[in-house]
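Respectively, the protein sequence lines represent chains A and B.
Oh and the first sequence: position 216 is 216 in this note's numbering, straight run, nothing missing.
Oh and the second sequence: position 124 is 514 in this note's numbering, straight run, nothing missing.
From the three backbone atoms N, C-alpha and C, an ideal C-beta is built for every residue, glycine too.
Please read all numbers here as calculations on a predicted model, not as lab measurements.
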Amino acid sequence: MTVYLDNAATTPMLPEAAAAMTAQFARVGNPSSLHASGRDARRTVEESRERIAAALGCRPGEVVFTSGGTESDNLAIKGLAWAREDASRDLVVSTAIEHHAVLDPLHWLETTGGARVYLMPVDRHGRLEIDALREVLAREPERVGLVSVMWANNEVGTVQPVADVVAMAHEHGITVHTDAVQAIGQVPVGFAGCGVDAMTVSGHKLGGPFGIGALVVRRELVPTPLLHGGGQERDIRSGTLDTPAIVGFAVACEVAVRNQRAEAERVSSLRDELVRRVLERVPDAVYNGDPVHRLPGNAHFSFPGAEGDALLMLLDAQGVECSTGSACNAGVPQASHVLLAMGASDADARSSLRFTLGHETTRADVEALVAAIGPAVERARAAGLAGSRT
Amino acid sequence: MKVLAAMSGGVDSAVAAARAAEAGHEVTGIHLALSRNPQSYRTGARGCCTIEDSNDARRAADVIGIPFYIWDLSDRFHDDVVEDFMSEYAAGRTPNPCLRCNEKIKFAAVLDRALALGFDAVATGHYAQLRTGADGLTELHRAVDAGKDQSYVLGVLTQEQLAHSVFPLGDTPKSAVRAEAARRGLQVAAKPDSHDICFISDGDTGGWLGDKLAERGLDVNRGGDIIDVDSGDVLGHHEGSWRFTVGQRKGLRIGTPAADGRPRYVLDIEPVSGTVTVGSRERLVIDGLDCIRPLWCGTAPREPLICTVQLRAHGAEHRAVLTPTDESFTVALLDGAEGVAPGQACVVYDGTRVVGSGTIASTRSS
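Written out as structure tokens, the structure reads:
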């Protein structure tokens, strides 16, 4: 039995999405071809684009298909920095808890002289302090070209005050990007409603397929392309459109958004039970993240004295799948930059574990974790002590 | 048994893990991340510590059908192996980091953690054999393949550690292990062996040490004289005594030929003054050793012991008599040995059985 509690890493495909996608595999036609098969494919792509637009509250023409979240973030961060008309707006303001798909392009821009970067700190719950942002923007508002703040954090699930960020940035005429990969289908997300200028979306985080995503970007903005070629997507992104993936993405997006409210209620109640019972079993565990502004499916803990990777292995052996939430770069686990930014010590950051619930999670999954967590923590703590022996 | 297989990404540890699994053990593969930043330590494909190696290990685990994880031991490795390596060289000695890694990391930090996590043993791809002796203790023996035998680098393991170790390759020649890897569909079957020190990427130990010691601001003599042992003449200068090892002939860069026209060898390194003493090959011959930090695989010898000793990895065996003293032991070599560097391990054998080991503190010639 597999108890899958890692939905923030990837979600199981929604059956509707898998079916729609599978049907597409039998068909031929490049959406850019001019003949009947091509027109059919194009029609399928455009219908999908409209469904996504309807689900996300944007115009169809604002949906630029990409290969996924990382490409969309890169396109927004680098593409908008390269395309800026006012050369003096060379400062990008973001947060210390962004995904690496945002942080690394920012770092690259900074080191290659493409932009100056300022990363806002967050509070101990992982939430951007809006007053601090106000001060930073007021310092040199005419120099800021872009503000990028994620909708919700992938590790600790903290939902950010994106609407406030937008209002504040727009006062100064500053463009706003948000990485909403974790948010779609979890919390209400409306592109036009919140007023952001660019938004990252990914297929496989909302019940759709891998390898497809979108940057929703206002028509007035033309990020410089990362990929040059056929110019398929508004000349902002080149590459043959992947019709089956786009169909699967569209269906998943539609279903996820349609079910968002009911699922959020169901999943958050399971999550609350999970948290309560894990804390019963391990009373000194620390529940991380924001108690209020939080994704419904996220439960993130530190287990002092136990190492996250030892816990992960022990739970995995019991069929319980979760994540340490750390970027596993080069196979060497790093302490999470998110937890460090929230003020955790290196040791606390390394003792953490993320459980993320999704559309297939049931009460039985919670039961299985609750049954396994106590002995696993006990054992991992013993190993932690063994590891510190010299 | 629940067995934790340490998988370096090489062919030996992959086959060892496969054999452990085939023997019916419940095997979990782990790759040890020993370098905090792999790029800074090593970028080549051989040896351990690269992203490529962890990927190779992962693929091998997939093929064998066992779970696989990466354990980050980089802090411990740095503190216990790399730091020790630097300070030993700075002190004019020649350490063996592989022994140190086995003693402090693989069969200590990793084994302790494994046992605490519910494993019964750690399996590695070392070429050595374990047997149960008449006294019920676990004995460590040389591998069948004399050319690949790695009992020397395991000579630091105690009874407790040996009792929780598994060496599935000790009874097999290396060539057969490679063939078996190919038969099992392991992609690493033809991967080259690692030879040099895993954390020194280009194999230039002297250059690496120079950089690291300077970075750390260690107070080492960055230059000194090369002196002839007989005449006391200064034959040349060098840029750091850590670049030398007792027995070394190449790279001395002393222009003047010796009076007898024969090559000269490093006989002694004095790190404080930086003086490196050289002399003829005969002067390298020693017949006595003082060893510290004794570690016994089983029962510690209390009486003088007729034995053989090995004084470097893949080095020759020397007939010897070991005399234990408090916290140390001395060794009388019956035939003499040359090029014995303080800091290396003296591993003591009784036939094929490893009795134990000590670190060579000093050498004598009578």
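Asked	Found
Three-way DSSP call (helix, strand, coil) for B:Y459 in this model	strand
C-beta neighbour in chain A for B:L489, strict 8 angstroms	no
Proximal chain A residues relative to B:P508, where beta-carbon distance stays under 8 angstroms	Before going further, note that residue 508 of chain B is Gly rather than Pro in the sequence given. Correct list: L314 and R379.
Per-residue burial, B:T635 [other beta carbons within 10 Å of its own, 16 or more giving buried]	buried
Sheet register partners of B:E532 (DSSP bridge)	Just to set this straight, residue 532 of chain B is Arg in the shown sequence, not Glu. Paired residues: B:A518.
Residue from A:V149, A:A54, A:T158 and A:S37 with nearest C-alpha to A:M342	A:T158
Under 8 angstroms from the C-beta of A:A310: neighbouring residues of chain B	R503 and L507
Status (buried if at least 16 other CB within 10 Å, exposed otherwise) for B:H516	buried
With 16 other Cβ atoms within 10 Å as the buried cut-off, status of B:C439	Any reading at B:C439 needs caution, since the residue's pLDDT is 49, under 50, leaving its predicted position unreliable; the model's value is listed next. B:C439 should be labelled buried.
Range of the contiguous alpha helix (DSSP H) that encloses A:L315	G308 to A317
Local Cβ density within 10 Å of B:S555, reported as buried at 16 or more and exposed below that	buried
CA nearest to the CA of A:Q160, picked from A:T44, A:T178, A:G145 and A:H170	A:T178
Nearest-angstrom Cα separation, counted from B:A518 out to B:Q540	6 angstroms
Pair within 8 angstroms by beta-carbon distance, A:V144 and A:R59	no
DSSP state of B:V662 mapped onto helix, strand, coil	coil
Uninterrupted beta strand (DSSP E) stretches inside the region 643-728 of chain B (no shorter than 3 residues)	655-660, 665-669, 675-686, 695-700, 707-715 and 718-728
Chain E contact for B:I460 (CB, 8 angstroms cutoff)	Protein chains in the displayed structure are A and B, and chain E is not among them.
Listed by chain order, chain A residues near B:P582 by CB distance under 8 angstroms	Within 8 angstroms Cβ-Cβ: nothing; B:P582 doesn't reach chain A, min ~21 angstroms.
Close Cβ partners of A:A132 (< 8 angstroms) along its chain, the five nearest in sequence each way excluded	M120 and P121
Exposure of A:M21, with buried meaning 16 or more beta-carbon neighbours within 10 Å	buried
Cβ of B:Y655 within 8 angstroms of any chain A Cβ	no
Distance, B:R639 Cα to B:T433 Cα	Note that B:T433 scores 34 on pLDDT, short of 50, meaning its location in the model is unreliable and no value can be drawn from it.
Interface flag, B:Y431 vs chain A, CB-CB below 8 angstroms	At B:Y431, the pLDDT of 36 sits below 50, so the modelled position is not reliable; the number obtained from the coordinates is stated separately. Not closer than 8 angstroms to any Cβ of chain A, the Cβ of B:Y431 fails to qualify, so no.
Reference A:V255, options A:M13, A:P31 and A:A101, closest by Cα	A:M13
Neighbourhood of A:F355 by C-beta distance below 6 angstroms, restricted to the same chain and skipping five residues each side	L5, A299 and C322
Cβ of B:P457 within 8 angstroms of any chain A Cβ	yes
Inter-residue spacing [alpha-carbon to alpha-carbon] between A:A19 and A:S72	26 angstroms
Simplified DSSP assignment, three categories, for A:I174	coil
Sub-8 angstroms separation of B:R568 and B:V738 beta-carbons	no
Nearest neighbour of B:N445, chosen from B:R654, B:S398 and B:H468 [CA to CA]	B:S398
DSSP-derived helix/strand/coil call for A:H300	strand
Cα-Cα separation between B:P596 and B:I587, rounded to whole angstroms	The question names Pro, but residue 596 of chain B is Gly in the sequence shown. The straight-line gap from Cα to Cα measures roughly 12 angstroms.
Separation of A:A306 from B:A413, as counted between CA atoms	32 angstroms
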